[in-house]
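Novice:
What follows is the structure, encoded as structure tokens:
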């Protein structure tokens with residue numbers, strides 16, 4: 498993230514830290530006015546296009562826009578808990594990401610995995626995820642986040658989801674009741690010799706599962722992936738749901754560019770293809786391009802072919 502932001506700043510993009518967006522509303526001339534608070538002062542910024550990429554905070558901001566596409570959409574917060582190893586000797590014995598299989602009836606995001614991570618330059622070992630609950634939409638959010646997100650236009654959507662997803666509700670309750678020792682028992686499927694004293698339970702983050710009305714699923718359908726909502730005129734877009742990783746982030750943004758900038762999109766094609774050589778190509782039909790991209794990626798990441 499720091500590298501990406503540093504690169505943007507080098508290209509002249511202005512980035513403001515420790516600023517809180519309080520409101521987003523359309524002005525009389527059709528632009529978007531963003532109300533921002535920093536150091537106890539309010540500032541207003543106007544833009545022709547606004548992208549809402551605030552993680553769990555995106556739903557509230559989307560609702561503030563008042564666009565029709567923001568109606569009948571709700572969110573339910575789920576905490577992600579992990580066991581983190583505090584014994585460096587154990588950490589040094591593992592150098593991989595190892596996935597298991599989700600339990601029967603468990604949601605897709607619950608696939609257990611043992612993961613080597615570098616946090617602030619220090620090698621760490623994590624196991625999870627386990628589900629937790631907090632009414633906050635962000636780790637640093639408010640306990641009123643969930644309640645304040647319920648509006649007249651989405652209350653029945655939320656209630657319908659609760660009625661339809663009883664198995665998921667049961668799973669969440671079971672997860673909330675797990676003790677540390679029970680979580681360690683699950684870890685022992687991966688590390689049979691794991692000791693409880695070597696591991697701590699930490700809240701890694703919050704995710705807001707999107708609930709919306711769909712033609713296929715009906716009222717109150719739970720969405721497990723990333724959800725992009727755009728206004729009909731393409732002047733505002735919001736990213737909701739699961740935080741996109743490297744495997745989906747680029748596609749999500751290219752889809753937004755295509756949807757929100759249709760007149761400029763064709764002229765931007767050469768630059769996009771320069772940045773993403775595989776764009777518009779089916780790698781399964783182009784063996785040479787696949788090999789070329791694989792080699793280039795491996796070189797950039799310092800991996801051996």
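Residue numbers (the working numbering): 498 to 802. Each residue gets a CB set at the ideal place from its N, CA and C atoms; glycine is no exception. Predicted model, so just to flag it, every value in this text is computed and none were measured.
Please state the DSSP three-state secondary structure of residue 514.
Specialist: Your numbering for residue 514 matches position 17 in the chain shown. Coil, per DSSP.
Novice: Could you spell out the range, first to last residue, of the beta strand (DSSP E) harbouring residue 549?
Specialist: By 1-based counting over the chain shown, the position of residue 549 is 52. Unbroken beta strand (DSSP E) run through residue 549: 547-549.
Novice: Where does residue 655 land, buried or exposed, given buried means 16+ other C-beta within 10 angstroms?
Specialist: Counted from its first residue, the chain shown places residue 655 at position 158. Residue 655 should be labelled buried.
Novice: Quick check on residue 560: buried or exposed, where buried means 16 or more other Cβ atoms within 10 Å of its Cβ?
Specialist: Counting from one through the chain shown, the residue named residue 560 turns up at place 63. Buried: at least 16 other Cβ atoms inside 10 Å.
Novice: Where does the unbroken beta strand (DSSP E) through residue 573 begin, and where does it stop?
Specialist: Taking the chain shown and counting its residues from 1, the one referred to as residue 573 is at position 76. Taken as a continuous stretch (DSSP letters only), the beta strand (DSSP E) holding residue 573 covers 570-582.
Novice: Mark residue 528 as exposed unless 16 or more other C-beta atoms lie within 10 angstroms of its C-beta, in which case mark it buried.
Specialist: Taking the chain shown and counting its residues from 1, the one referred to as residue 528 is at position 31. Result: exposed.
Novice: For residue 543 and residue 712, what's the separation of their Cα atoms in angstroms?
Specialist: Looking up residue 543 in the chain shown gives position 46. Looking up residue 712 in the chain shown gives position 215. Cα to Cα, residue 543 sits roughly 35 Å from residue 712.
Novice: Are at least three pairs of beta-carbons, each pair with one atom in the segment 580-595 and one in the segment 609-623, less than 8 Å apart?
Specialist: As far as the Cβ criterion goes, the segment 580-595 touches the segment 609-623, which means the pair count is three or higher.
Novice: Give me the residue from 555, 720, 565 and 597 with the minimum Cα distance to residue 683.
Specialist: On the chain shown, residue 683 is found 186 positions in, with the first residue counted as 1. Of the listed residues, the one whose Cα sits closest to residue 683 is 597.
Novice: So, residue 546 versus residue 611, is the Cβ gap smaller than 8 Å?
Specialist: Sequence index remark: in the chain shown, residue 546 carries index 49 (1-based). Sequence index remark: in the chain shown, residue 611 carries index 114 (1-based). The answer is no: Cβ separation not under 8 Å.
Novice: Is residue 776 helix, strand or coil by DSSP?
Specialist: As a first step, residue 776 must be located in the chain shown, where it is residue number 279. Three-state DSSP puts residue 776 in coil, outside helix and strand.
Novice: To which residues of the same chain is residue 662 closer than 7 Å at the C-beta, ignoring the five residues directly before and after it?
Specialist: Indexing the chain shown from 1 puts residue 662 at position 165. So the qualifying residues of the chain are 719.
Novice: Could you say if the segment 727-734 and the segment 753-763 meet the contact criterion of at least three C-beta pairs nearer than 8 Å?
Specialist: Segments in contact, yes.
Novice: Relative to the C-alpha of residue 744, which residue among 723, 763 and 762 is closest?
Specialist: Looking up residue 744 in the chain shown gives position 247. For residue 744, the nearest C-alpha among the options comes from 723.
Novice: By the 10 Å Cβ neighbour count, where 16 or more other Cβ atoms means buried, how is residue 569 classified, buried or exposed?
Specialist: Numbered from 1 along the chain shown, position 72 holds the residue referred to as residue 569. Label assigned to residue 569: buried.
Novice: Report the rounded CA-to-CA distance for residue 601 versus residue 587, giving the unit in angstroms.
Specialist: The sequence position of residue 601 within the chain shown is 104, counting from 1. The sequence position of residue 587 within the chain shown is 90, counting from 1. If I take the Cα positions, the gap works out to 30 Å.
Novice: Among the residues of its own chain, which have a CB less than 6 Å from the CB of residue 533, if the five just before and after it don't count?
Specialist: Mapped onto the chain shown, residue 533 falls at position 36. Cβ neighbours of residue 533 beyond the five flanking positions: 516, 518 and 540.
Novice: Just how far apart, CA to CA, sit residue 531 and residue 520?
Specialist: The residue you call residue 531 lines up with position 34 of the chain shown. The residue you call residue 520 lines up with position 23 of the chain shown. Using only the alpha carbons, I get a separation of about 6 Å.
Novice: If you check the beta carbons only, do residue 794 and residue 566 fall under 8 Å apart?
Specialist: What you label residue 794 is simply residue 297 of the chain shown in a count that begins at 1. What you label residue 566 is simply residue 69 of the chain shown in a count that begins at 1. Cβ atoms of residue 794 and residue 566: not closer than 8 Å.
Novice: Alpha carbon to alpha carbon, what distance is there between residue 785 and residue 658?
Specialist: Stepping through the chain shown from its first residue, residue 658 is reached at position 161. Stepping through the chain shown from its first residue, residue 785 is reached at position 288. Rounded to whole angstroms, residue 658 to residue 785 spans 47 Å at the Cα level.
Novice: Taking a contact to mean a Cβ-Cβ separation below 8 Å, would you say residue 669 touches residue 625 in this structure?
Specialist: Position 172 of the chain shown, counted from the start, is the residue given in the question as residue 669. Position 128 of the chain shown, counted from the start, is the residue given in the question as residue 625. Not a contact, by the Cβ cut-off of 8 Å.
Novice: Taking C-alpha atoms, which residue in 703, 689, 679 and 650 lies nearest to residue 639?
Specialist: Taking the first residue of the chain shown as 1, we reach residue 639 at position 142. Looking at the Cα atoms, 703 is the closest of the given residues.
Novice: What would DSSP say about residue 619, mapped onto helix, strand or coil?
Specialist: Translated into positions along the chain shown, residue 619 becomes position 122. Strand.
Novice: Following the continuous beta strand (DSSP E) through residue 503, name the residue where it begins and the one where it ends.
Specialist: By one-based count along the chain shown, residue 503 stands at place 6. Premise fails: residue 503 lies in the alpha helix (DSSP H), 499-507, not in any beta strand (DSSP E).
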